[in-house]
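Using our numbering, you'd call the opening residue of the sequence shown number 6 and step up by one each time.
C-beta: ideal position from N, C-alpha, C; glycine also.
Fair warning: this is a prediction, and the values are worked out from it, not measured in the lab.
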Amino acid sequence: MPELPEVEIVVRSLNKLLRSRRIERAELRRKLLAPSIKPHIFAKRLAKAQIKFIHRRGKHILFDLDNGRTLIAHLRMSGRFMLLDHDADDPKFAHAVFHLDGGERLVFQDQRHFGFMNVAETPRLFEMKELSKLAPEPFSDEFDDGYLRKLLKSTSRNIKQLLLDQTKVCGVGNIYASEAMFIAGIRPTARSNSITLKKTILLRKAVVQVMNATLEIGAKISLDRVNIGGNIYGPGADGDWLVYGREGKPCPKCSAPIARIVQSTRSTFFCRKCQSR
Ligand SMILES: [Zn+2]
Numbered sequence: 006m007p008e009l010p011e012v013e014i015v016v017r018s019l020n021k022l023l024r025s026r027r028i029e030r031a032e033l034r035r036k037l038l039a040p041s042i043k044p045h046i047f048a049k050r051l052a053k054a055q056i057k058f059i060h061r062r063g064k065h066i067l068f069d070l071d072n073g074r075t076l077i078a079h080l081r082m083s084g085r086f087m088l089l090d091h092d093a094d095d096p097k098f099a100h101a102v103f104h105l106d107g108g109e110r111l112v113f114q115d116q117r118h119f120g121f122m123n124v125a126e127t128p129r130l131f132e133m134k135e136l137s138k139l140a141p142e143p144f145s146d147e148f149d150d151g152y153l154r155k156l157l158k159s160t161s162r163n164i165k166q167l168l169l170d171q172t173k174v175c176g177v178g179n180i181y182a183s184e185a186m187f188i189a190g191i192r193p194t195a196r197s198n199s200i201t202l203k204k205t206i207l208l209r210k211a212v213v214q215v216m217n218a219t220l221e222i223g224a225k226i227s228l229d230r231v232n233i234g235g236n237i238y239g240p241g242a243d244g245d246w247l248v249y250g251r252e253g254k255p256c257p258k259c260s261a262p263i264a265r266i267v268q269s270t271r272s273t274f275f276c277r278k279c280q281s282r
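Now the structure itself:
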């Protein structure tokens with residue numbers, strides 16, 4: 006599943022490729038991709054609209070259009086955008102197709118069918134239920150030591166669960182949570198309100214650090230026109246993550262074997278020695 010930095014990179018690529026292009030015609034081929042809007046309305050709201058620019062809020066990709074509307078797209082597990090020439094065949098699982106000026110097609114492809122789209126009136130965009138409850142972005146000024154301190158003090162939930170709660174911290178997914186807790190030396194099972202101020206500050210820095218590292222790698226990768234949404238490897242020395250997906254392999258700090266546990270059905274990776282509490 007793409008995490009926040011990957012989505013940011015997808016947004017940058019989409020901007021390069023699609024800014025000021027016109028959607029001549031839009032087809033919603035899988036109704037459930039946009040459950041709150043009928044396919045003919047979807048088509049009507051997007052037809053002949055020019056893409057002004059593309060931005061994001063959390064992992065929602067937002068296409069601002071010149072007709073006062075915004076197309077909202079979420080890649081979820083496996084969604085990706087592909088920009089195809091007029092003579093290229095549609096790929097399998099083409100759930101939405103945007104016919105652009107000049108004959109190219111932007112295709113939203115989604116093998117696992119969890120993707121999501123909606124069309125909003127731009128002035129009311131942030132009142133949409135998808136966007137109104139999102140917490141501060143990790144890259145924003147709002148996400149400071151004071152915010153995180155207050156948040157941690159407010160609950161005895163374990164820190165892993167709290168980091169993944171999109172209404173509390175926006176955009177930290179499973180991989181980045183493991184990586185950030187490792188850098189900050191925090192045990193994933195620790196109760197949030199037991200974490201010291203010193204470790205809270207380390208954790209905030211670590212969240213930003215792991216996301217920035219991926220952005221830097223992403224800036225060097227040019228996502229090609231047929232694969233806007235590719236996976237990006239982690240910031241470790243061998244293009245690997247520090248702890249994520251490395252069960253049994255040596256900890257990069259102390260060489261003890263990395264442990265894996267399951268929390269709320271998701272895997273968490275950590276070092277029992279470096280993350281003692
Ligand atoms: Zn260790």
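Cβ shell of residue i (< 7 Å), same chain only, five flanking positions each side left out
i           : result
residue 282 : 192 and 195
residue 96  : 87, 112 and 114
residue 20  : 58 and 59
Residue i CB to nearest heavy atom of ligand 2 below 7 Å
i           : result
residue 276 : This structure lacks ligand 2; the ligands present are ligand 1.
Residues near residue i by beta carbon distance below 8 Å, same chain, minus five either side
i           : result
residue 205 : 150, 153, 154 and 157
residue 133 : 77, 123 and 125
residue 135 : 65, 77, 79, 121 and 123
N-terminal and C-terminal residue of the alpha helix (DSSP H) that residue i is part of
i           : result
residue 245 : Premise fails: residue 245 is in no alpha helix (DSSP H) and is neither H nor E.
residue 166 : 164 to 169
residue 48  : 44 to 51
residue 272 : Premise fails: residue 272 lies in the beta strand (DSSP E), 271 to 275, not in any alpha helix (DSSP H).
Near ligand 1: residue i beta-carbon under 7 Å from a heavy atom
i           : result
residue 4   : This structure gives no information on residue 4, because the portion of the chain shown stretches from 6 to 282.
residue 254 : no
residue 258 : yes
residue 279 : yes
Cβ-based neighbour list, residue i, same chain, cut-off 6 Å, excluding 5 preceding and 5 following
i           : result
residue 147 : 141
residue 116 : 83 and 98
residue 91  : 108
residue 35  : 100
Bounding residues of the beta strand (DSSP E) (the contiguous stretch that carries residue i)
i           : result
residue 260 : Run containing residue 260: none; DSSP gives neither H nor E here.
residue 30  : 27 to 33
residue 64  : From DSSP, residue 64 is part of no beta strand (DSSP E); its letter is neither H nor E.
residue 85  : 84 to 89
residue 1   : Limits of the chain in this structure are 6 at one end and 282 at the other, which puts residue 1 out of reach.
Three CB pairs or more closer than 8 Å across the segment 55 to 68 and the segment 21 to 33: The answer is yes - the segment 21 to 33 touches the segment 55 to 68, with three or more Cβ pairs under 8 Å.
Whole runs of the alpha helix (DSSP H) within the segment 120 to 192, excluding any shorter than 4 residues: 134 to 137, 150 to 158, 164 to 169 and 179 to 189
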